[in-house]
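First to last, the protein sequences are chains A and B.
In this text, residue positions in the first sequence follow the numbering used here: the first is 750, and each later residue adds one.
In this text, residue positions in the second sequence follow the numbering used here: the first is 750, and each later residue adds one.
Glycine included, each C-beta is placed from N, C-alpha and C at the ideal position.
Protein chains: 2
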Amino acid sequence: MIEDKTPQRTSISQLGEFGLIEHLTKHFEIKNESTLKGIGDDAAVLDFSNKKAVVSTDLLIEGVHFDLAYMPLKHLGYKAVTANLSDIYAMNAKATQITVSVAVSNRFPLEALEELFAGITLAAKEYNVDVIGGDTTSSQKGLIISITAIGEANAEELVYRNGANPTDLLVVTGDIGAAYMGLQVLEREKQVFQVNPNNQPDLDNYTYLIERQLKPEARKDIQGILKALEIQPTSMIDISDGLSSEVMHLCKQSALGCNVYEDKLPLDPQFISVCEEFNIDSTTIALNGGEDYELLFTIKMEDFDKIKGNPNFSVIGHMTQASEGIHLVTRANTKIALKARGWNALQEE
Amino acid sequence: MIEDKTPQRTSISQLGEFGLIEHLTKHFEIKNESTLKGIGDDAAVLDFSNKKAVVSTDLLIEGVHFDLAYMPLKHLGYKAVTANLSDIYAMNAKATQITVSVAVSNRFPLEALEELFAGITLAAKEYNVDVIGGDTTSSQKGLIISITAIGEANAEELVYRNGANPTDLLVVTGDIGAAYMGLQVLEREKQVFQVNPNNQPDLDNYTYLIERQLKPEARKDIQGILKALEIQPTSMIDISDGLSSEVMHLCKQSALGCNVYEDKLPLDPQFISVCEEFNIDSTTIALNGGEDYELLFTIKMEDFDKIKGNPNFSVIGHMTQASEGIHLVTRANTKIALKARGWNALQEE
């Protein structure tokens, strides 16, 4: 028998809008008590009972936020969800629902959308959130994804950006900078591929960095860990645009200054060695890289003992009065003003 | 003094993402009790107390859902909001919050985004909803708007698509078809303009149709009117894709059939005369036109007296057993199967 080597391509227009939604969403199960009605009516119906609801939304555009040359669609779907959930976790809340809207140009066959939704479904399953609504439509160019994430929390558990106090300790989860260096590795491979498509890349030395870029996880676990430690953060934000940018948000909204210590920044060994390979200063990337989806928060000084030595957390500095400014204290013990050089989706090329 | 005739054009990249959000959202006031925290943190915080929350989302793409050749940006912003709120009202709920995400290519100056947000702000004010979040970014092509609308209702007030019973009456608010004919008028004017840009269009005979297309209102008032009449609809949906399509949704989800009477369809006199001018069958347009943002609902037969003669409502038919099918009963008293020829955002050109 002769095998058909052409990949299957089903035109999405064959299904129509309602057929497409039904096809893509039929595997979604409702798992949260707060979801009374998911997809299938004019609106979803939710019941937060005596809890507060939190809502965050993001718009992702091909060519601006992602490059399908090295971002597999399934990974993209997964990342689109986790990036949004990260905002919910940054409120110290539990993520419970998402809506997912997708627009695609007609160069995308149904099978591509299925891949994207496979990633979305996997993330929804891993993070235990219900997909309660969405929209599918065509675009004039490229792939567009819009996700709204919803969560719930008791009022007293919620953590805002503006609650930090002077002398609070500044804490970051996990390690930082790796997602950005993963992107640099992938960009380099893309260029190599363009020159020689037959070149087989050896990415063994970059697996952690690439995973941080292509399949980032959101810190669903932190709320529970902090609760078990009996720590209520005073302020919190997620690290999507880079540590510097987020430190400045916390400082601005809490009307405080801050000292961040260079030698306290949590860096993965693979990150450090690849920065050396690329001849890039690791501190600059750790401060400005973005897309880490770790959490940055402040705690009262007296909570230090509870967190000390915990592998999930690094104390990287402390808050100060606003008049003292926002500084990085270098390894050489000089103070330099912290600047946000984070990623800007609006910058002109 | 020499006047500068060049319209002001400020590049959005000058402001950066955070500056842009701050600039565009600074006029938003919080008016709903359920909004505890709006824009400015990782997520908004809402308190629905003992009510249920309803959530709906839409994605609007330039060139697919709207044409900026005849859709002024302020109207577009207004319509993007009302179209979404319509889904909340179709649950018999009160709309309370929206999130607004916008992506624009660099051909849009800041002033264009300000116009768009002026329309969004106006709609938010008119409909008393709080803008609680959003995202602004650049696009590769054109303008993209994603809105998530949120509302609240007591559990017993909520109306789903699947609650209709056989013998229930089918009711529609306002009149239908006008928005579609408004679009036809605008398309014709666009073509005239392309041939002769100096031609001044005389649109006096089309004002109602054009307003229905460019500045549609959502039926915020219906919930209160029905409550005052002591009518609880058994099922409800909003008319965005065309009456036929929505009738079929109600039938399918309630597992029923339906008879719709041609002579009962509520048509505006201007709509009828312009259909004649365009030599188009008005019933076909009324059934399939779309974008009316009226509400279609079913009520118990015994509620007929409460609604009879009310100018807000037209009883256009009644539900039947599923086995009887879904039909239009024509003026000539023949029964023809109703088909959904409504607008499909995924169809190939």
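> Which value, in whole angstroms, describes the spacing of the CA atoms of A/Thr885 and A/Ile1056?
Replying inline: A/Ile1056 has its alpha-carbon roughly 45 Å from the corresponding atom of A/Thr885.
> B/Ile837 versus chain A: which residues are under 9 Å apart at the beta carbon?
Replying inline: Asp791, Ala792
>> Quick check on the DSSP output: the beta strand (DSSP E) that includes A/Glu901 runs from which residue to which?
In response: 893 to 902
>> Quick check on this structure: which residue in A/Leu1014, A/Ile988, A/Ile1065, A/Glu860 has the alpha carbon closest to the alpha carbon of A/Asp836?
In response: Distance from the Cα of A/Asp836 is smallest, within the candidate group A/Leu1014, A/Ile988, A/Ile1065, A/Glu860, for A/Ile988.
> From B/Lys1013 to B/Val920, what does the alpha carbon distance come to, in whole angstroms?
Replying inline: 10 Å
> What residues in its chain sit with their C-beta under 6 Å from that of A/Glu906, if we drop five residues either side in the sequence?
Replying inline: Asn841
> DSSP puts A/Asp807 in a beta bridge; with which residues?
Replying inline: A/Ile896
> Mind checking whether A/Leu865 and A/Thr1047 have CB atoms under 8 Å apart?
Replying inline: no
>> If we require 3 or more residues per run, which beta strand (DSSP E) segments fall completely within the stretch 841 to 899 of chain B?
In response: 843 to 853, 879 to 887
>> Assess contact between the stretch 952 to 961 of chain A and the stretch 891 to 909 of chain A, defined as three or more Cβ pairs (one per stretch) separated by less than 8 Å. Is contact present?
In response: no
> Around the C-beta of B/Gly931, are 16 or more other C-beta atoms found within 10 angstroms, so that it is buried, or is it exposed?
Replying inline: buried
>> Any beta carbon of chain B sitting closer than 8 Å to that of A/Ile1104?
In response: Coverage of chain A is limited to positions 750 through 1098, which leaves residue 1104 of chain A absent and any answer about it impossible.
> From this set, A/Thr848, A/Gly812, A/Lys843, A/Glu901, which residue's C-alpha is nearest A/Phe705's C-alpha?
Replying inline: What is shown of chain A runs 750 to 1098, which leaves residue 705 of chain A out entirely.
> Which bits of chain A does B/Thr848 rub up against, with CB to CB less than 7 Å?
Replying inline: When 7 Å is used as the limit between beta carbons, B/Thr848 is near these residues of chain A: Val804, Thr806, Thr897, in chain order.
>> Closer than 8 Å is the cut-off here; do at least three beta carbon pairs connect the stretch 992 to 1003 of chain B with the stretch 1066 to 1083 of chain B?
In response: yes
>> Using only the alpha-carbon positions, how far apart do A/Asn877 and B/Lys939 sit?
In response: 49 Å
> So who's on the other strand from B/Met997, going by DSSP bridges?
Replying inline: Paired residues: none, contrary to the question.
> Between the stretch 839 to 856 of chain A and the stretch 791 to 808 of chain B, do three or more beta carbon pairs fall short of 8 Å?
Replying inline: yes
> Less than 7 Å between the CB of B/Tyr838 and some heavy atom of the ligand MG, yes or no?
Replying inline: Among the components of this structure there are no ligands whatsoever, and the ligand MG is therefore not found.
> Using a Cβ-Cβ distance under 8 Å, would A/Val934 count as near chain B?
Replying inline: No, A/Val934 does not count as interfacial toward chain B.
> Helix or strand or just coil, what does DSSP make of A/Ile788?
Replying inline: Here A/Ile788 carries a coil assignment [DSSP, helix/strand/coil].
>> Taking 8 Å as the threshold (beta carbon to beta carbon), is B/Arg721 in contact with chain A?
In response: Because chain B in this structure spans residues 750 to 1098, residue 721 of chain B falls outside the shown range and cannot be described.
> Of all the options A/Gly912, A/Leu808, A/Gly826, A/Ile896, which has the alpha carbon lying nearest to the alpha carbon of A/Pro982?
Replying inline: A/Gly912
> Could you give the C-beta distance for B/Ile896 and B/Val830, rounded to a whole number, given that I count them as a contact under 8 Å?
Replying inline: 6 Å
> Relative to chain B, which residues along the stretch 811 to 836 of chain A have a C-beta separation below 9 Å, given in chain order?
Replying inline: Glu811, Gly812, Val813, His814, Ser835, Asp836
> Closer than 8 Å, Cβ to any Cβ of chain B: which residues of the stretch 882 to 896 of chain A, in chain order?
Replying inline: Residues passing the 8 Å Cβ filter: Gly882, Gly883, Asp884, Thr885, Thr886, Ser887, Ser888, Gln889, Lys890, Gly891, Ile893, Ser895.
>> Cβ closer than 8 Å: which chain A residues qualify as neighbours of B/Leu1036?
In response: Within 8 Å Cβ-Cβ: nothing; B/Leu1036 doesn't reach chain A, min ~17 Å.
> Could you give the residue range of the alpha helix (DSSP H) that holds A/Ser783?
Replying inline: Neither: A/Ser783 is in no alpha helix (DSSP H) and is coded neither H nor E.
> Using 8 Å as the limit for Cβ to Cβ distance, is A/Ala852 near chain B?
Replying inline: At least one C-beta of chain B is nearer than 8 Å to the C-beta of A/Ala852.
>> Taking the beta strand (DSSP E) that A/Tyr955 belongs to, which residues open and close that run?
In response: Run containing A/Tyr955: none; DSSP gives neither H nor E here.
> Cα-Cα, which of B/Leu859, B/Leu1036, B/Lys1049, B/Asp1052 is closest to B/Ile1085?
Replying inline: Across the set B/Leu859, B/Leu1036, B/Lys1049, B/Asp1052, the C-alpha of B/Leu1036 shows the shortest separation from the C-alpha of B/Ile1085.
>> In this structure, how does DSSP classify A/Gln981 when only helix, strand and coil are distinguished?
In response: coil
> Between the Cα of A/Gln943 and the Cα atoms of A/Ile770, A/Ala1071, A/Ala818, A/Val1009, which residue gives the shortest distance?
Replying inline: A/Ala818
> Does any residue of chain B bring its CB to less than 8 Å from the CB of A/Phe1062?
Replying inline: no
>> My assumption, with CB atoms under 8 Å, is that B/Thr916 sits in contact with B/Met820. Please give the rounded CB distance.
In response: For B/Thr916 against B/Met820, the beta-carbon gap comes to about 42 Å, at or over 8 Å, which does not count as contact.
> Taking the beta strand (DSSP E) that A/Ala1086 falls in, what are its first and last residues?
Replying inline: Start and end: 1084 to 1086.
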